[in-house]
Amino acid sequence: MGERLTITKKFMGTPETIFSDFVVPEKLEHWFFEEDYWTAQANVDLRPGGKYSIEMLTDIGNSFTHDGKFLEVSPRKDRLKFTWGSSLVEESIVTVDFEPSAGGMTMVKITHDNLPNNEMVNVHRRIWEGCLKHLNEYTINPTPFPIYRDPDYNDTPTLKNKDDDFY
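All the letters of the sequence shown, read from the start, carry residue numbers 38 to 204 under this note's numbering.
Structure, rendered in structure tokens:
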């Protein structure tokens with residue numbers, strides 16, 4: 038059966054809006070990454086049996102892919118259930134429930150089942166917490182953000198001036 042991780046957070050917006058933040062690729066790409074200054078690329082076929090893929094791209098060129106298939110897509114937009122695959126775990130199950138809350142908020146409950154051990158529960162807690170931090174920022178201010186490159190990591194040769202060699 039494996040281990041279970043449960044995280045509950047409130048977000049500004051209706052359940053329908055927050056649901057769409059989880060399933061529309063252009064929206065996912067604004068928040069589904071663990072660390073600040075990372076980005077994401079997403080593909081979603083939103084239907085039971087449909088596949089999704091989210092690639093987290095780090096500021097230094099590494100990437101981490103999470104993918105799987107949808108097991109349940111609620112027509113009321115109050116629940117998603119999907120498999121979760123990554124380089125860390127073969128296939129676990131994630132259920133996301135969206136419930137209206139006071140003040141125009143939505144309570145989101147993420148239940149991540151079938152994690153192999155407590156270490157992976159802690160790793161995935163960190164991943165989900167990072168992503169949900171960015172989702173919160175996105176729900177407050179959904180404007181596009183500039184891509185940041187770490188100034189200490191430069192993979193492009195530059196010239197000191199036009200007569201110098203590359204360094």
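Glycine included, each C-beta is placed from N, C-alpha and C at the ideal position.
Buried versus exposed, by CB contacts within 10 Å (16 or more), residue i
i: Pro112; result: exposed
i: Asp82; result: exposed
i: Pro137; result: exposed
i: Ile177; result: exposed
i: Gly86; result: exposed
i: Gly140; result: exposed
i: Ser100; result: exposed
i: Thr143; result: buried
i: Phe48; result: buried
Bridge-paired residues (DSSP) for residue i
i: Ala77; result: Met93
i: Phe107; result: Phe119
Member of the options whose CA lies at the smallest distance from the CA of residue i
i: Gly105; options: Asp134, Ser124, Met144; result: Ser124
i: Gly98; options: Ala77, Ile130, Asp115; result: Ala77
i: Thr132; options: Val126, Met142, Val110, Thr143; result: Val110
i: Ile91; options: Arg84, Met49, Glu63, Leu42; result: Glu63
Within 8 Å, strictly: CB atoms of residue i and residue j
i: Met93; j: Phe70; result: yes
i: Tyr89; j: Asn80; result: yes
i: Ile44; j: Ile147; result: yes
i: Tyr175; j: His67; result: yes
i: His5; j: Leu65; result: For the chain, the structure presents residues 38 to 204; residue 5 sits outside this window and is missing.
Does the region 148-161 come into contact with the region 169-183, if we say contact requires no fewer than three beta-carbon pairs (one atom in each stretch) closer than 8 Å? no
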